[in-house]
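Asker:
Protein chains: 2
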Amino acid sequence: MATPAGRSAPKTQEMLRFEHFLRGRKLKLTGERLAILAAVFGSGKHFDAETLHAELRSAGGDISRATVYRTLDLLVQSGLVRKNSLGANHANYEAALGNEHHDHLICLGCNRVIEFYRSDLESLQDAICSEHAFRPLHHSLQIFGVCAACKDTADEGRILERLAQIHT
Amino acid sequence: MATPAGRSAPKTQEMLRFEHFLRGRKLKLTGERLAILAAVFGSGKHFDAETLHAELRSAGGDISRATVYRTLDLLVQSGLVRKNSLGANHANYEAALGNEHHDHLICLGCNRVIEFYRSDLESLQDAICSEHAFRPLHHSLQIFGVCAACKDTADEGRILERLAQIHT
DNA sequence: TTTTTTGCAAATCGTTTGCACGCTG
DNA sequence: CAGCGTGCAAACGATTTGCAAAAAA
Chain A
1 MATPAGRSAP
11 KTQEMLRFEH
21 FLRGRKLKLT
31 GERLAILAAV
41 FGSGKHFDAE
51 TLHAELRSAG
61 GDISRATVYR
71 TLDLLVQSGL
81 VRKNSLGANH
91 ANYEAALGNE
101 HHDHLICLGC
111 NRVIEFYRSD
121 LESLQDAICS
131 EHAFRPLHHS
141 LQIFGVCAAC
151 KDTADEGRIL
161 ERLAQIHT
Chain B
169 MATPAGRSAP
179 KTQEMLRFEH
189 FLRGRKLKLT
199 GERLAILAAV
209 FGSGKHFDAE
219 TLHAELRSAG
229 GDISRATVYR
239 TLDLLVQSGL
249 VRKNSLGANH
259 ANYEAALGNE
269 HHDHLICLGC
279 NRVIEFYRSD
289 LESLQDAICS
299 EHAFRPLHHS
309 LQIFGVCAAC
319 KDTADEGRIL
329 ERLAQIHT
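Going down the list, the protein sequences come from chains A and B. So the first sequence is numbered by our numbering: it starts at 1 and just counts up by one. So the second sequence is numbered by our numbering: it starts at 169 and just counts up by one.
Put into structure tokens, the structure is as follows:
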């Protein structure tokens, strides 16, 4: 565990932020939390708790599912991680550091998630909120459909079935 | 159950549509299904399975939760009902007949759900999809925040707590 | 040493399902 | 009367929680 005499390993942005967050709440920086943080920022963009748990396990660790959930929750609270649904019946997560807000196109053929950001969409939403004297704090836009890669190969039947199961 | 001699009770739009849907699938029109249909179209805009089940129960009926879920599923498939999430950890539903597509503003103070429709928002989404060669089939936009009525009274702490629990 | 964390297994919660009986077409 | 539909209770899958042991501050 220890770093070579007197030299600390380079701390990543996310580590610094997480430490700061934990300190602010008088919480402790444990090996498990660090391992999860590293896995989150090392893995692909979108993942779920189960996948993360599996990755940690195959990476040699032995962290319980409970700790994974508990830590993901902390990461979300700290703002380092975002929680999405993406139409699944389980939560999806994504690292939020160096990854500004965006919305999602979700392919029902291959499950690919395409991120997009459009300032005009954002301002249109703001305008709508104004009209309703509504103060927006958060929004979630998910567009489900078929991506370019699946356009020709996708089986319509299966697509529609998936569409029906969307939990959004 | 029977209607007075020779005169059938007026059938509502939704009954006709549901009957048609069921016939098309060789499914049966049962008393339970009719009762649920009536409750759905008689109740407020947004509701969940549990609430619906309770309403049916207090209305004298004795329909099992399983049947409620099974029937809601049929209603969704028939297009008579829409299933939403509204940020809750359980599904929400709304009657879809005579109720065109719209998106939602959800107040974290009082749970009020404000519906809105903006064609420019819709076409902007279409434009975004085109740019990505993505064929949209369905979308869900939910904006969480504080409505006009709660603007002054809402407790920020509670609001933020609610925000953190959003399962979207 | 004091306090927080962890792993475990049991508990929840919303929802689904297998089965034996009941009702519709 | 042949199929569907229903209620029940058990099964489910994702997530949460109580508790005693383990680790950080």
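All residues carry an ideal CB built from backbone N, CA and C; glycine is no exception.
For L141(A), which residues in the same chain have their Cβ closer than 6 Å to its Cβ, ignoring the five residues on either side in sequence?
Answerer: Excluding sequence neighbours, L141(A) sits near D103.
Asker: Report yes or no: is there a C-beta of chain A within less than 8 Å of the C-beta of I204(B)?
Answerer: Output row for I204(B): interface = no.
Asker: With a CB to CB cut of under 7 Å and the five nearest residues on each side skipped, what residues in its chain are close to T219(B)?
Answerer: Counting only Cβ-Cβ distances below 7 Å, and skipping sequence neighbours, we find nothing.
Asker: For S253(B) and T168(A), I'd like the C-alpha separation in whole angstroms.
Answerer: For S253(B) and T168(A), the distance between alpha carbons rounds to 5 Å.
Asker: Within its chain, find whatever has a CB closer than 6 Å to the CB of K83(A); leave out the 5 residues flanking it on each side and keep chain order.
Answerer: Excluding positions up to five away in sequence, the list reads V76, A91 and Y93.
Asker: Could you check whether the Cβ of C278(B) sits closer than 8 Å to any Cβ belonging to chain A?
Answerer: Chain A, which has no Cβ nearer than 8 Å to the Cβ of C278(B), makes this no.
Asker: Would you list the residues sitting across from F144(A) in a DSSP beta bridge?
Answerer: Paired residues: I106(A) and H306(B).
Asker: Do the region 180-188 of chain B and the region 201-217 of chain B make contact, defined as three or more Cβ pairs closer than 8 Å?
Answerer: As far as the Cβ criterion goes, the region 180-188 of chain B touches the region 201-217 of chain B, which means the pair count is three or higher.
Asker: Would you list the one or two residues that DSSP bridges to I282(B)?
Answerer: In the DSSP output, where bridge partners are listed per residue, I282(B) has L273(B).
Asker: Counting only beta-carbon separations shorter than 8 Å, does F47(A) have a partner in chain B?
Answerer: For F47(A), the answer is no, since every Cβ of chain B falls outside 8 Å of its Cβ.
Asker: Could you tell me the alpha carbon to alpha carbon distance between I128(A) and Y285(B), rounded to whole angstroms?
Answerer: Spanning the two alpha carbons is a distance of roughly 9 Å.
Asker: I'd like to know if H101(A) contacts chain B, where contact means its C-beta is closer than 8 Å to some C-beta of that chain.
Answerer: It does not: the Cβ of H101(A) has no partner Cβ on chain B nearer than 8 Å.
Asker: Give a yes or no on contact between the region 322-336 of chain B and the region 287-307 of chain B, applying the rule of three or more CB pairs nearer than 8 Å.
Answerer: No, the region 322-336 of chain B does not touch the region 287-307 of chain B.
Asker: Would you please verify whether the beta carbon of D288(B) is less than 8 Å from any beta carbon of chain A?
Answerer: At least one chain A Cβ lies under 8 Å of D288(B).
Asker: For G145(A), which residues from the same chain have a beta carbon less than 8 Å from its beta carbon, with the 5 sequence-adjacent residues on both sides left out?
Answerer: If we look at G145(A) and ignore the five residues flanking it on each side, its Cβ neighbours are L105, I106, C107 and L108.
Asker: If I follow the unbroken beta strand (DSSP E) through H214(B), where does it start and stop?
Answerer: Segment H214 to D216, the beta strand (DSSP E) holding H214(B).
Asker: Tell me the DSSP secondary structure of Y237(B) in three-state form.
Answerer: In this structure, Y237(B) counts as helix in the three-state DSSP scheme.
Asker: What does DSSP give as the partner residue(s) for N252(B) in the beta ladder?
Answerer: Paired residue(s): N260(B).
Asker: Give the DSSP-derived three-state secondary structure of C318(B) in the structure shown.
Answerer: Coil at C318(B), not helix or strand.
Asker: By how many angstroms is the C-alpha of A264(B) removed from the C-alpha of S226(B)?
Answerer: C-alpha separation (whole angstroms): 24 Å.
Asker: Considering D126(A), what are the terminal residues of the alpha helix (DSSP H) in which it resides?
Answerer: Looking at the DSSP string, the run of the alpha helix (DSSP H) that includes D126(A) is S119 to E131.
Asker: How many Å lie between C150(A) and L292(B) at the Cα?
Answerer: Between C150(A) and L292(B), the C-alpha separation is close to 23 Å.
Asker: What is the DSSP secondary structure of G210(B), reduced to helix, strand or coil?
Answerer: In this structure, G210(B) counts as helix in the three-state DSSP scheme.
Asker: Secondary structure at A170(B), three-state DSSP: helix, strand or coil?
Answerer: In this prediction, A170(B) has a pLDDT of 40, which is less than 50 and means its spatial position is unreliable; what the coordinates show is noted afterwards. Coil, per DSSP.
Asker: I need the straight-line Cα distance from V81(A) to G98(A), nearest angstrom please.
Answerer: Whole-angstrom Cα-Cα distance: 11 Å.
Asker: Report the neighbours of Q165(A) on chain B: residues whose CB is nearer than 9 Å to its CB, in chain order.
Answerer: Correct list: empty, because the minimum Cβ distance to chain B is about 10 Å.
Asker: For I334(B) and K194(B), I'd like the C-alpha separation in whole angstroms.
Answerer: Approximately 40 Å between the Cα atoms of the pair.
Asker: Does the beta-carbon distance from V236(B) to A217(B) come in below 8 Å?
Answerer: Yes. Within cutoff.
Asker: What are the boundary residues of the alpha helix (DSSP H) that L160(A) is part of?
Answerer: Taken as a continuous stretch (DSSP letters only), the alpha helix (DSSP H) holding L160(A) covers E156 to Q165.
Asker: Hey, does G226(A) have any beta-carbon neighbour from chain B nearer than 8 Å?
Answerer: Limits of chain A in this structure are 1 at one end and 168 at the other, which puts residue 226(A) out of reach.
Asker: Who are the neighbours of I114(A) on chain B, taking C-beta pairs under 8 Å?
Answerer: Neighbours of I114(A) on chain B, chain order: H300 and F302.
Asker: Measure the Cβ-Cβ separation of S78(A) and F21(A) and say whether it is below 8 Å.
Answerer: Yes; because the gap between Cβ atoms is below 8 Å, this pair is in contact.
Asker: Just mark R191(B) as buried or exposed, buried being the case when its beta carbon has 16 or more other beta carbons within 10 Å.
Answerer: With fewer than 16 Cβ atoms within 10 Å of its Cβ, R191(B) is classed as exposed.
Asker: With 8 Å as the threshold, decide whether the Cβ of T336(B) is near any Cβ in chain A.
Answerer: Answer yes: the Cβ-Cβ gap between T336(B) and chain A drops below 8 Å somewhere.
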